[in-house]
Amino acid sequence: MSRKDAINSLYLKKPEPAGGESEKPSERVRTGAISAMGTSLKQMTDGAKLATRLQEQLEKGDVVVEIEPDTIEQSPIADRIPTDVDPAFDELVQSISDNGQQVPILVRPSPAGQGRFQIAYGRRRLKAAKMLNRPVRAIIRKLTDQELIVAQGRENLDREDLSFIEKAFFAKNLEDSGCDRSTIVSALCSDKSDVSRYIAVARRVPEHLVKRIGPAPKAGRARWLKLADGLEHAGDSFEVDTIFSDDKIAGATSDARFQAVLRAVEPKKTGKKSASSNIWKTPNGKRAARIEDRNGRTTLTFEDKVVPEFARYISAQLDDLYREFQSSREEGGD
197 MSRKDAINSL YLKKPEPAGG ESEKPSERVR TGAISAMGTS LKQMTDGAKL
247 ATRLQEQLEK GDVVVEIEPD TIEQSPIADR IPTDVDPAFD ELVQSISDNG
297 QQVPILVRPS PAGQGRFQIA YGRRRLKAAK MLNRPVRAII RKLTDQELIV
347 AQGRENLDRE DLSFIEKAFF AKNLEDSGCD RSTIVSALCS DKSDVSRYIA
397 VARRVPEHLV KRIGPAPKAG RARWLKLADG LEHAGDSFEV DTIFSDDKIA
447 GATSDARFQA VLRAVEPKKT GKKSASSNIW KTPNGKRAAR IEDRNGRTTL
497 TFEDKVVPEF ARYISAQLDD LYREFQSSRE EGGD
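Heads up: the sequence shown begins at 197 in my numbering, then just goes up one per residue.
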């Protein structure tokens, strides 16, 4: 061995082959156990990548999964008014039974704990799945409270419009829960003035009565305001239970129940008085004033063109006229 080879051997370096021949690398022999381990590791890696991709898709809401309805909770703010008579829901149940659930619902992981979810939208589909005793198809998406509310309102507006009173109480409940107006505007796709009108009506109509009536999809803002006015006029004389004790009313559609309540609180129309009793004429026969009784109020309206300044004269004499009126009543009573 040359001196160079001896030094190389001290550092575990193989000596160069004599004659400049290059040494061929020995072939690696893979045993069956090592090969199986490599395959297993590759499968684990691929599985981890697949799980990661699935998790990313779930977070983005790109994957539809099947979930047991009992693991899904309601969202904090209700947007729909339940009703016992709902032909459209009966049709939905039949459609899902015959053709399956075509459109998934949207849920988020529940703040209450792992394995539970909270619904953003799709309550009717969830209810139908429960009735049919089948899993519900859902998209799982991580949502903040604000995102949940906005998604809830937007989807309902896109698929099936909420009725006026449902929008009104949805807006009111959001405000009562502490949501700012910008969030409510986004959830209802409305402007601030519309939201203000929704909330104003919802605060004038008792919620317990709205739940008895239902969503009343044909009743708009004007009719709900008319109902609110009627309720305020009726006061304590209005009894909800009396109306709904009628089986025909209780089992009617929501719009029919609304009409029944509205009729019950509307002021009763009285017959018109004769012309001589509500019209005052001057001695020469000209119509000078109209006297009108309505809802416990009497209105005296003068025609200024016929009797100019007469209304001001009467106004100035009201104190004397009232004393004269009182005196005549006392004399007549004695």
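No residue lacks a Cβ here, since even glycine has one placed at the ideal position from N, Cα and C.
* To do: Output the distance between the C-alpha atoms of Arg321 and Pro300, rounded to the nearest integer angstrom.
  => Approximately 8 Å, taken between the alpha carbons.
* To do: Would you tell me roughly how many angstroms separate the C-alpha atoms of Leu302 and Gly349, rounded to the nearest one?
  => If I take the Cα positions, the gap works out to 12 Å.
* Whole runs of the alpha helix (DSSP H) within the region 377-413, excluding any shorter than 4 residues -> If one requires a minimum length of 4 residues, the alpha helix (DSSP H) runs lying completely within the region 377-413 are 377-384, 388-398, 403-409, in chain order.
* To do: Using DSSP bridges, identify the partner residues of Tyr317.
  => According to DSSP, Tyr317 bridges with Leu302.
* Pairing CB atoms from the region 426-446 with CB atoms from the region 472-488, are three or more of them under 8 Å? -> Between the region 426-446 and the region 472-488 there are fewer than three inter-stretch CB-CB distances shorter than 8 Å, so the stretches are not counted as touching.
* Could you tell me the distance, in whole angstroms, from the CA atom of Ser511 to the CA atom of Thr497? => Approximately 12 Å between the Cα atoms of the pair.
* To do: Give the C-beta separation of Pro331 and Ile263 to the nearest angstrom, bearing in mind that I take them to be a contact with Cβ-Cβ under 8 Å.
  => The Cβ separation is near 6 Å, so the contact holds.
* Contact belief for Ala412 with Ser382 at Cβ below 8 Å, rounded distance in angstroms -> Rounded to the nearest angstrom, the Cβ distance from Ala412 to Ser382 is 25 Å, too far for a contact under 8 Å.
* **CA nearest to the CA of Arg486, picked from Ala507, Gln310, Ala347** => Considering only alpha carbons, the answer is Ala507.
* In this structure, what does DSSP give as the bridge partners for Lys368? -> Lys368 has no beta-bridge partner at all, per DSSP.
* Asked: Relative to the alpha-carbon of Ser378, which residue among Arg408, Val346, Ala460 has its alpha-carbon at the smallest distance?
  -> It is Val346.
* Asked: Just the Cα atoms here: how many angstroms apart are Ala456 and Val401?
  -> Approximately 15 Å between the Cα atoms of the pair.
* To do: Could you tell me which of Lys414, Ala396, Trp420 sits nearest to Leu405, measuring between CA atoms?
  => Per the C-alpha coordinates, the member of Lys414, Ala396, Trp420 positioned closest to Leu405 is Trp420.
* Leu496 by DSSP, collapsed to three states: which one? -> Secondary structure at Leu496: strand, using DSSP grouped into helix, strand and coil.
* Asked: Would DSSP call Asp489 helix, strand or coil?
  -> Of the three classes helix, strand and coil, the one that applies to Asp489 here is strand, per DSSP.
* Asked: Start and end of the alpha helix (DSSP H) containing Ala456?
  -> Boundaries of the alpha helix (DSSP H) around Ala456: 450-461.
* Asked: From this set, Ala446, Ala452, Tyr394, which residue's C-alpha is nearest Lys414's C-alpha?
  -> If we check each option's Cα against that of Lys414, Ala452 comes out closest.
* Asked: Relative to the alpha-carbon of Leu339, which residue among Arg519, Gln314, Leu328 has its alpha-carbon at the smallest distance?
  -> Distances from the CA of Leu339 to each of Arg519, Gln314, Leu328 were compared; the closest alpha carbon is that of Gln314.
* Asked: Can you tell me whether DSSP reads Val332 as helix, strand or coil?
  -> In the displayed model, Val332 falls within a strand according to three-state DSSP.
* **DSSP-derived helix/strand/coil call for Lys477** => Assignment of Lys477 by DSSP, reduced to helix, strand and coil, places it in the strand class.
* Pick from Leu370, Arg337, Val391, Val503: whose alpha carbon is nearest that of Pro479? -> Between Pro479 and the set Leu370, Arg337, Val391, Val503, the nearest pair of CA atoms involves Val503.
* Local conformation of Arg276 per DSSP, three classes -> In the displayed model, Arg276 falls within coil according to three-state DSSP, outside both helix and strand.
* Apply the 10 Å Cβ neighbour rule to Phe360 and answer buried if 16 or more other Cβ atoms are within range, or exposed otherwise. => With 16 or more other Cβ atoms within 10 Å, it is buried.
* Simplified DSSP state of Ala430, which is helix, strand or coil -> Helix at Ala430.
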